[in-house]
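Line order of the protein sequences matches chains A and B. Okay, so the first sequence: first residue is 1395 according to our numbering, each after it adds one. Okay, so the second sequence: first residue is 1395 according to our numbering, each after it adds one. Here the structure is laid out as structure tokens; the discussion comes afterwards.
There are 2 protein chains.
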Amino acid sequence: MARKVPLSDDALELVARRFAVLSEPMRLRLIQALFDGERSVGELVAATGGTQGNISRHLQTLTQAHVLARRKEGLQVYYSIPDPSIFRLCELVCGSLEKSLNRQADAFGG
Amino acid sequence: MARKVPLSDDALELVARRFAVLSEPMRLRLIQALFDGERSVGELVAATGGTQGNISRHLQTLTQAHVLARRKEGLQVYYSIPDPSIFRLCELVCGSLEKSLNRQADAFGG
DNA sequence: CAAGTATATGCGTATATGCGCATATATAGT
DNA sequence: ACTATATATGCGCATATACGCATATACTTG
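If you want it as structure tokens, here you go:
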């Protein structure tokens, strides 16, 4: 199942777009705020400290990319993480970054 | 080891930047071309079909982000993938995308 | 030192996108 | 129907960045 064949141009664009969706700090903060379960827009606004309009847009971006799921209930809209593979993604990147940072720390500290 | 504490703003910026580096199709193509081992800039230009200047810039971006390693030998410069976690990253995203695409295909095909 | 080859970089342009602000839409309560 | 609340969206601005083009730099060879 190892991917030996190069991905097509279309596939590469999709993968790139997926990464692009995750390349904004505010969106990562939203994802982080949803780690424990679904939250309403208002709760996410409060949790992230962003403006309501901006948060709503980011949530739209994440939902269109199928990174988040949307559920409407009365006045509120609840967002959640439907695909747990996001967790592994973040773990991988964080782990890789820790290595880099430790290397940099070594360069400074000894 | 599960990450329960929210990442700091600085950490989020770093993670976001990491994803941003991977959010360009041409850079993904370069990474893909390096799956089998190190290549010179000229080989990568030929493999990807990009212009020399553009490829050189992307390689610089990837190297500064520690996604690629750089080794100079005479006139040529050889690039390679030092951290195999990139492979897992790509596998994760590809797998997640396949699910999405299959779901879309189901919606059309039956 | 001159010419050739491989790679890097300065510059201008076109495009994408994050943000703030105001406003529109949807639903609930009176 | 009117008001209030929660969420979404149109618009403009500022910024980032990918690309092409030309040129600079680094190294090799004669």
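We treat Cβ as the ideally placed atom computed from N, Cα and C, and that holds for glycine. Nothing here was measured: the structure is a model prediction, and the numbers come from that model.
Between B/ALA1427 and B/ALA1441, the beta carbon gap of about 4 Å places them in contact (Cβ cut-off 8 Å).
Counted as a single uninterrupted DSSP element, the beta strand (DSSP E) harbouring A/VAL1471 occupies residues 1470-1474. In the DSSP secondary-structure assignment, B/ARG1465 is bridged to B/TYR1472. Looking from the CA of A/VAL1415, the closest CA among A/ILE1480, A/SER1490, A/GLY1444 belongs to A/ILE1480. Listed in chain order, the non-local C-beta contacts of A/ASP1477 below 8 Å within the same chain comprise HIS1460, VAL1461, local neighbours out to five positions each way being set aside. With the rule of 3 Cβ pairs closer than 8 Å, the segment 1404-1422 of chain B does not count as touching the segment 1442-1454 of chain A.
If you check the CB distance, B/VAL1471 and B/VAL1435 come in under 8 Å. Distances from the alpha-carbon of A/ASP1430 to those of A/LEU1453, A/LEU1456, A/ASN1496, A/TYR1473 put A/TYR1473 closest. Closer than 8 Å to the CB of A/ALA1414 there is at least one CB belonging to chain B. Here DSSP, grouped into helix, strand and coil, assigns A/SER1479 to helix. Against chain A, the beta carbon of B/GLU1407 has neighbours under 8 Å at PRO1419, listed in chain order. Those residues of the segment 1421-1452 of chain A placed with their C-beta closer than 7 Å to a C-beta in chain B are LEU1422, ARG1423, GLN1426, ordered along the chain.
Rounded to whole angstroms, the gap between the alpha carbons of A/SER1494 and A/SER1402 is 31 Å.
By alpha-carbon distance to B/ILE1475, the top candidate from B/ARG1433, B/LEU1406, B/ALA1405 is B/ARG1433. The beta-carbon of A/PRO1400 is placed less than 8 Å from the nearest beta-carbon of chain B. Interface criterion met: the Cβ of B/GLY1489 is under 8 Å from a Cβ in chain A.
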